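J.: The structure follows.
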Amino acid sequence: KSCGQGNKTDPADAQAIAAFARDRSPRPWVPPTPEVRELQALVRRRDDLRRMAAAAKTRLAAPDLTPAARRSLARVVKLLAKEVDRVQAEAEAVVAASPALAADLALLESVEGVGRQTATTIPAERPAVDHLPSAASAAADCGLAPAEYASGKSVRKRTRLSKAGNARLRTALYLP
C-alpha cells in the first residue's frame, strides 16, 4: 500500500517483490543443512506433542467426564509424554551426530537457565550465524528486540518486545 499498489494480484505482487529486491538487495536465502532441517522437524514435532499433552491434561479437569473417558485421557497423556521423550531423544541423536550442532549444544547448555530442550530448539530455529551481521539483528530475528513507541515529546508508550521474527525461537528463549 505504501508503494501505491492498489490491487492485490499476482503480477502486482511480482512487481512489488522485484522492486524490493532491486532497491534493497537482500541477501539470498540459504537453505539450512540437512542436519538442521531434521533437527527442526523433530523439535517442532516435540513442541506439537507437548501442546497436545497440555490440552489433554486440561480436559482431565472437566467435571462432566465419565470414569471411562477420564481413563482414556490419562492413557493419551501418558502416550504423549512417552512420544515427547522419544522425539527429544531422536533430536539429541541428530545433534550428537553433527560436530557443529554438538558444539552449539554444549555452548548453549553452559549458559545458566538454558536446558536441553531450549538448547536443541535454538540451533533448529535460528538462521546460520554467518547470516546475522550483528547481535542486534540476531535479537530482532529471535523476536526479542525492544520496540519503542514514541512520537514527538509527549507520546511515549512502554517499550515492549517487537514480536517480529521467529515465534518459536522467541518462545524458547523468553524464560531463559
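Here the sequence shown is numbered in the numbering used here, starting from 298 and rising by one per residue. From the three backbone atoms N, C-alpha and C, an ideal C-beta is built for every residue, glycine too. What you are looking at is a predicted structure, and each value in this text was computed from that prediction instead of being measured.
1. Mind checking who residue 453 pairs with in its DSSP beta bridge?
2. Would you grab the beta carbon distance between residue 339 and residue 384 for me? Rounded to a whole angstrom, and I think it's under 8 Å.
3. For residue 419, does the count of other Cβ atoms within 10 angstroms reach 16, so buried, or fall short, so exposed?
4. Assuming residue 415 contacts residue 402 (C-beta within less than 8 Å), just tell me the rounded distance between them.
5. Name the DSSP bridge partner or partners of residue 402?
6. Residue 465 to residue 344, Cα distance in whole Å?
7. Alpha carbon to alpha carbon, how far is residue 400 from residue 386?
8. Taking residue 439 as part of the alpha helix (DSSP H), name the residues at either end of that continuous run.
9. Between residue 407 and residue 341, what straight-line distance do the alpha-carbon atoms span, to the nearest angstrom?
10. So, under 8 Å CB-CB, residue 429 and residue 470 are touching, yes? Tell me the CB distance rounded to an integer number of Å.
11. Report the three-state DSSP secondary structure of residue 362 (helix, strand or coil).
12. Grab me the residues of residue 473's own chain with a C-beta within less than 6 Å of its C-beta, minus the 5 sequence neighbours each way, in chain order.
T.: Looking at the coordinates:
1. 447
2. 6 Å
3. buried
4. Wrong, their Cβ atoms sit about 10 Å apart, outside the cutoff.
5. Its beta-bridge partners do not exist; DSSP assigns none.
6. 9 Å
7. 17 Å
8. 432-439
9. In this structure, the alpha-carbon of residue 407 lies about 23 Å from that of residue 341.
10. Actually they do not touch by this definition, with Cβ atoms about 14 Å apart.
11. coil
12. 410, 411, 415
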